[in-house]
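Down below is the structure, laid out as structure tokens.
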Amino acid sequence: MAIVVFDHIAKSYGATPALDDLSFDVGSGEIFGLLGPNGAGKSTLIRILMDIIRPNSGEVKLFGETRRRAHLDRLGYLPEERGLYTKLTVVDVMTYFGALKGLTRADARGRALAWLAKVELPEVATWKIERLSKGMGQKVQIAATLLSDPEVCVLDEPTTGLDPVNVRLVQDLLIERRKAGRTTILSTHQMNQVEMLCDRVALLNKGRLMVYGTVDDVRRRYSQPEVLVQARGSLPAVAQAAETRAANGGWRVTLRDGDAPSALLRALVEAGAEIERFEPQLAPMEDIFLRVVKEGRS
Amino acid sequence: MSRWRRMWTVATFEFISTVTRKGYLITTFGMPVFLAIYATVVAVPAIVAGRATQETTIYGVVDTADLVHLRQDVTAPKTRAVFRPVATEPDARVSLARGALAGYFVVPADFLERGVMDIYTPAAFSASNPTGRDSRDAFADLVRARLLGERVDANLSARIRDPFADARRFAVTKNGEVSDAGALASALRVVVPLLFMILFMISVMMTSGYLIQGTALEKENKVVDVLLASANPDEIMGGKLIGLGGAGLLQIGVWLSLLLIAGVGVLPVLFSGHVDVPWAAAALAIPLFPVAFLFYGSLMLGTGSLGSNARESQQLGIIWSLVAALPMFMLALVLSKPHGTASHVLTWLPTSTATVLVLRASLDPGGLAWWEVAGSVAVLAASTWLAIRIGARIFRVGLLSSGARPSFRDVLRQARLAD
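Listed in order, the protein sequences are those of chains G and Z.
Going by my numbering, the first residue of the first sequence is number 1, and it counts up by one from there.
Going by my numbering, the first residue of the second sequence is number 299, and it counts up by one from there.
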């Protein structure tokens with residue numbers, strides 16, 4: 001079920017178009033990757049979703065209805081350019097952000113303390129923000145965004161600047177949200193995270209939707225029809241293999257047009273091959289990203 | 299979550315985070331101490347000068363005409379001038395040169411015929427009595443007393459010399475009511491509206507400082523998007539105005555309380571009925587203060603939010619501080635003619651309605667037509683509503699713009715898209 005729907009969204013800044021008739025939706029309970037190069041229109045789209053700016057045309061639907069201000073209480077947002085009130089204490093700032101999302105001050109304060117423990121920073125509750133390191137500040141911001149348990153949360157580059165341990169911590173939080181049926185829109189340039197976390201993606205370039213679908217589908221769509229095969233002895237010739245060449249201690253087999261990897265596997269087994277490894281080659285998201293952006297430029 | 303609750307959340311946060319700030323506490327409680335010390339330092343020269351005037355000053359009188367009949371030192375009433383007879387002008391000159399006399403008068407034998415009298419003073423300039431007028435007045439009174447004393451009785455002499463010596467003053471209203479119009483009562487009629495004007499100016503300036511600085515910091519700290527994702531600009535602006543306005547009013551409340559505590563002895567005098575307290579002006583000031591504050595606060599916050607940093611924001615906001623101070627510069631006009639053309643124009647201008655209306659109601663409440671009060675307050679209320687709307691739109695544009703200040707064209711275009 002679609003929880004966020006962008007319906008023919010267009011936005012321009014003066015004569016400069018930022019978004020051009022953009023339509024797609026985000027499903028409930030998924031981690032959705034919002035991808036694109038700098039200036040593609042991701043931030044503009046997110047700001048339209050959060051009702052910070054208005055589109056020139058088109059409509060945003062949330063929770064099955066036309067977006068209203070009241071929906072903002074059910075949304076969370078961690079902007080890419082983010083900051084906190086440097087002179088205030090961590091728990092006071094988190095309490096304020098929670099209260100702005102409709103929590104009572106007492107509830108917000110309780111949740112703030114719980115979330116600080118969750119991001120492994122219980123000791124900083126009474127610290128002033130200016131005392132935090134960059135990584136600490138980032139984790140506090142993520143905790144402040146998630147403490148109201150928003151049904152839909154937009155995280156713009158949440159792991160930038162974090163060490164691998166903390167990157168894993170944040171990833172686990174996102175997976176936990178998915179398990180709880182919460183929706184996360186993840187805007188990131190780190191394609192390994194997209195492959196690891198996202199269910200579906202939308203790739204924007206120059207304000208247009210270039211790629212949209214599940215991560216597996218997209219990768220398959222942009223992959224060469226190749227399979228990496230390792231077997232004992234030689235690899236028998238089969239009709240489904242258009243070309244076979246040695247690679248990485250095995251063979252890289254290019255499929256005949258129209259044949260699926262499963263047909264090749266079946267044919268090889270029937271031909272007597274002792275298969276030890278059979279791995280259809282999926283294009284990495286990074287290659288897809290680069291290819292789409294390059295095509296957009298040309 | 300309702301619109302009002304969101305606004306209240308912002309207001310509570312802004313209020314608490316401001317009043318717990320060290321700078322705020324130092325200003326709130328340190329300012330009266332500083333002012334007390336400052337006033338003491340400033341008062342010292344005045345006290346010293348005051349003491350100097352209380353010291354006896356001796357003037358010589360060379361009475362060739364034997365008009366004043368001085369046989370010994372005579373102290374002039376209500377002054378510290380002592381007139382001492384001196385036999386000859388050269389003797390008096392020597393005494394003046396020695397510093398034994400502050401000056402001397404020579405009354406020639408033909409004074410009554412010609413009216414010429416010679417006055418001698420030291421060549422050195424005296425700041426406390428640069429023209430010597432006090433001593434001249436005192437001696438003139440002495441001469442008058444002596445001249446009249448031989449011809450009329452003492453009472454008549456006193457009335458001729460100063461018919462208003464023990465005068466009382468009363469004010470009669472249009473309804474025929476009589477009230478005290480003495481110095482204290484008259485002073486209160488000016489002091490109350492002036493106090494209102496000064497407090498209003500201070501609160502507008504102090505609070506606008508907090509408002510503009512806070513918003514500029516939010517832009518610099520990049521907190522703005524998080525706020526806008528939770529509340530709309532109207533709610534944020536409204537919350538800031540209430541919260542920071544409350545902090546500003548609390549500060550003024552503390553100062554006023556300290557002032558009242560310090561001057562608690564004045565209250566019985568005010569309530570004794572001998573003094574005409576301008577209650578109408580005081581009653582008008584109470585509702586006009588917050589309305590006018592909202593008017594200026596909205597415009598200041600909107601304009602200030604266009605700045606790309608705190609300093610630029612302060613510079614933009616100062617325009618409204620100057621506009622708010624305009625009635626102070628026009629004060630003489632309103633004081634001289636409370637119901638003149640200038641006073642009427644300033645009353646209907648929303649930028650000065652509050653202060654001028656309070657001033658006019660204090661100076662002459664009877665001369666202020668009810669429809670003028672109602673009309674100008676209605677114009678101010680409508681202007682405040684408009685100022686909040688415009689301020690919120692500019693605020694939205696200001697919050698969304700980061701880095702360079704948006705052009706006037708951008709402001710108009712984005713304000714149009716704001717809804």
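Beta carbons are placed, not taken as given, at the ideal position from N, Cα and C, and that holds for glycine.
If you reduce the DSSP assignment to three classes, tell me which class Phe-494(Z) lands in. Counting from one through the second sequence, the residue named residue 494(Z) turns up at place 196. Helix at Phe-494(Z).
Indicate the three-state DSSP secondary structure (helix, strand or coil) for Ala-390(Z) in the structure shown. Residue mapping note: residue 390(Z) aligns to position 92 of the second sequence, counting from 1. In this structure, Ala-390(Z) counts as helix in the three-state DSSP scheme.
At least three beta-carbon pairs within less than 8 Å, the region 591-603 of chain Z to the region 660-675 of chain Z: These segments do not touch.
Whether or not the region 535-549 of chain Z and the region 308-315 of chain Z are in contact is what I'm after, with contact meaning three or more pairs of Cβ atoms, one per stretch, closer than 8 Å; do they touch? yes
Work out the CA separation of Leu-515(Z) and Ala-702(Z) for me, nearest whole Å. As a first step, residue 702(Z) must be located in the second sequence, where it is residue number 404. As a first step, residue 515(Z) must be located in the second sequence, where it is residue number 217. Low confidence applies to Ala-702(Z): its pLDDT is 49, below 50, so where it sits in the model is not reliable enough to give any reading.
Name the chain Z residues that come within less than 7 Å of Thr-86(G), Cβ to Cβ? Here residue 86(G) corresponds to residue number 86 of the first sequence, with the count starting at 1. Result: Asn-519.
For Leu-264(G) and Leu-235(G), what's the separation of their Cα atoms in angstroms? Against the first sequence, residue 264(G) aligns to sequence position 264. Against the first sequence, residue 235(G) aligns to sequence position 235. If you take the alpha carbons of Leu-264(G) and Leu-235(G), they lie about 12 Å apart.
Return the bridge partner residues of Tyr-402(Z) from the DSSP annotation. Your numbering for residue 402(Z) matches position 104 in the second sequence. In the DSSP output, where bridge partners are listed per residue, Tyr-402(Z) has Gly-358(Z), Tyr-418(Z).
Would you kindly report the start and end of the unbroken beta strand (DSSP E) that includes Ser-12(G)? In the first sequence, the residue the question calls residue 12(G) occupies position 12. Following the DSSP letters along the chain, one finds Ser-12(G) inside the beta strand (DSSP E) bounded by residues 2-13.
Taking the beta strand (DSSP E) that Ser-187(G) belongs to, which residues open and close that run? Here residue 187(G) refers to the residue found at position 187 when the first sequence is read from its first residue. Here the beta strand (DSSP E) through Ser-187(G) covers 183-187.
Top-ranked residue by Cα proximity to Gly-328(Z), from Gln-549(Z), Gly-605(Z), Ala-578(Z): Looking up residue 328(Z) in the second sequence gives position 30. Comparing Cα positions, the closest option is Gln-549(Z).
Leu-282(G) versus Pro-225(G) - alpha carbon distance: Taking the first residue of the first sequence as 1, we reach residue 282(G) at position 282. Taking the first residue of the first sequence as 1, we reach residue 225(G) at position 225. If I take the Cα positions, the gap works out to 9 Å.
Near Asp-717(Z), what residues of its chain come up, given a Cβ to Cβ distance below 7 Å and the 5 sequence neighbours on each side ignored? What you label residue 717(Z) is simply residue 419 of the second sequence in a count that begins at 1. The pLDDT assigned to Asp-717(Z) is 44, lower than 50, so where the model puts this residue is not dependable; a value taken from the coordinates is nonetheless given after this. Excluding residues within five positions, none has a Cβ falling inside 7 Å.
I want to verify the contact list: residues of chain G whose CB lies under 8 Å from the CB of Thr-307(Z), in sequence order. The count along the second sequence starts at 1 and reaches residue 307(Z) at position 9. Residues of chain G whose Cβ lies closer than 8 Å to the Cβ of Thr-307(Z) are, in chain order, Tyr-96, Ala-99, Leu-100.
Have a look at Ile-617(Z), Gln-612(Z), Ala-438(Z), Leu-394(Z) and flag the residue whose alpha-carbon is nearest the alpha-carbon of Ala-421(Z). Taking the second sequence and counting its residues from 1, the one referred to as residue 421(Z) is at position 123. Residue nearest to Ala-421(Z) within the set Ile-617(Z), Gln-612(Z), Ala-438(Z), Leu-394(Z) is Leu-394(Z) (criterion: CA-CA distance).
So for Gln-224(G), helix, strand or coil by DSSP? Residue mapping note: residue 224(G) aligns to position 224 of the first sequence, counting from 1. DSSP places Gln-224(G) in coil when its eight states are reduced to three.
Neighbouring residues, chain G, relative to Arg-304(Z) (Cβ below 8 Å): Looking up residue 304(Z) in the second sequence gives position 6. In chain order: Leu-100.
For Thr-159(G) and Val-170(G), believed in contact at Cβ under 8 Å, the rounded distance: Within the first sequence, residue 170(G) is the residue found at index 170, counting from 1. Within the first sequence, residue 159(G) is the residue found at index 159, counting from 1. 5 Å between Cβ atoms; contact.
Tell me the DSSP secondary structure of Thr-373(Z) in three-state form. Residue 373(Z) sits at position 75 when you count from the first residue of the second sequence. Strand at Thr-373(Z).
Checking the sheet assignment: what are the DSSP bridge partners for Thr-89(G)? As a working mapping, residue 89(G) is identified with position 89 in the first sequence. BP columns for Thr-89(G) point to Lys-128(G).
What residue ranges within the region 21-90 of chain G form continuous alpha helix (DSSP H) runs of no fewer than 4 residues, ordered along the chain? 42-49
Helix, strand or coil: how does DSSP classify Val-339(Z) here? As a position in the second sequence, residue 339(Z) is number 41, starting the count at 1. Helix, per DSSP.
Do you know whose CA, among Gly-64(G), Pro-122(G), Thr-104(G), Thr-145(G), lies nearest Leu-82(G)'s CA? Against the first sequence, residue 82(G) aligns to sequence position 82. A quick correction: the sequence has Arg, not Leu, at residue 82(G). The option with the nearest alpha carbon to Arg-82(G) is Thr-145(G).
By DSSP, does Glu-195(G) sit in helix, in strand, or in coil? Looking up residue 195(G) in the first sequence gives position 195. The answer is helix: DSSP assigns Glu-195(G) an H, G or I state.
Take the Cβ of Val-476(Z) as the centre, count every other Cβ of all protein chains shown within 10 Å, and call the residue buried at 16 or more, exposed below. Sequence index remark: in the second sequence, residue 476(Z) carries index 178 (1-based). Counting other Cβ atoms within 10 Å of its Cβ, Val-476(Z) stays below 16 and is therefore classed as exposed.
Look at the alpha carbon of Val-380(Z) and the alpha carbon of Val-441(Z), and state the distance between them as a whole number of angstroms. Within the second sequence, residue 380(Z) is the residue found at index 82, counting from 1. Within the second sequence, residue 441(Z) is the residue found at index 143, counting from 1. Rounded to whole angstroms, Val-380(Z) and Val-441(Z) show a C-alpha spacing of 14 Å.
Contact under 8 Å by Cβ, Ala-578(Z) with Leu-678(Z): Translated into positions along the second sequence, residue 578(Z) becomes position 280. Translated into positions along the second sequence, residue 678(Z) becomes position 380. Against a cut-off of 8 Å, the Cβ pair of Leu-678(Z) and Ala-578(Z) comes out as no contact.
Gln-280(Z) to Ser-506(Z), Cα distance in whole Å? Past the boundaries of the shown model lies residue 280(Z); chain Z is included only from 299 to 717, so the question cannot be answered.
Determine the chain G residues that contact Asn-607(Z) at a beta-carbon separation under 9 Å, and present them in chain order. Counting from one through the second sequence, the residue named residue 607(Z) turns up at place 309. None at all; the shortest Cβ gap to chain G is about 14 Å.
Taking Thr-16(G) as the reference, which of Phe-6(G), Glu-130(G), Asn-56(G), Phe-32(G) has the closest Cα? Here residue 16(G) refers to the residue found at position 16 when the first sequence is read from its first residue. Residue Asn-56(G) is the option with its Cα nearest to Thr-16(G).
CA-to-CA distance, Arg-449(Z) to Pro-406(Z), given in whole angstroms: Walking along the second sequence from the start, residue 406(Z) turns up at place 108. Walking along the second sequence from the start, residue 449(Z) turns up at place 151. Going by the C-alpha atoms only, they are around 21 Å apart.
Since Ile-275(G) sits in a beta bridge, which residues does DSSP pair it with? In the first sequence, the residue the question calls residue 275(G) occupies position 275. BP columns for Ile-275(G) point to Ala-231(G).
Between Thr-325(Z) and Arg-349(Z), what straight-line distance do the alpha-carbon atoms span, to the nearest angstrom? Sequence index remark: in the second sequence, residue 325(Z) carries index 27 (1-based). Sequence index remark: in the second sequence, residue 349(Z) carries index 51 (1-based). C-alpha of Thr-325(Z) to C-alpha of Arg-349(Z): approximately 34 Å in a straight line.
Which residues in the same chain as Glu-157(G) place their Cβ atom closer than 6 Å to its Cβ, once the five residues preceding and following it in sequence are excluded? Taking the first sequence and counting its residues from 1, the one referred to as residue 157(G) is at position 157. Cβ neighbours of Glu-157(G) beyond the five flanking positions: Glu-80, Thr-188.
Apply the 10 Å Cβ neighbour rule to Tyr-508(Z) and answer buried if 16 or more other Cβ atoms are within range, or exposed otherwise. Walking along the second sequence from the start, residue 508(Z) turns up at place 210. That one is buried.
Where Ser-254(Z) meets chain G, residues with beta-carbon distance less than 7 Å: In the structure as shown, chain Z begins at 299 and stops at 717. Residue 254(Z) is therefore absent and cannot be evaluated.
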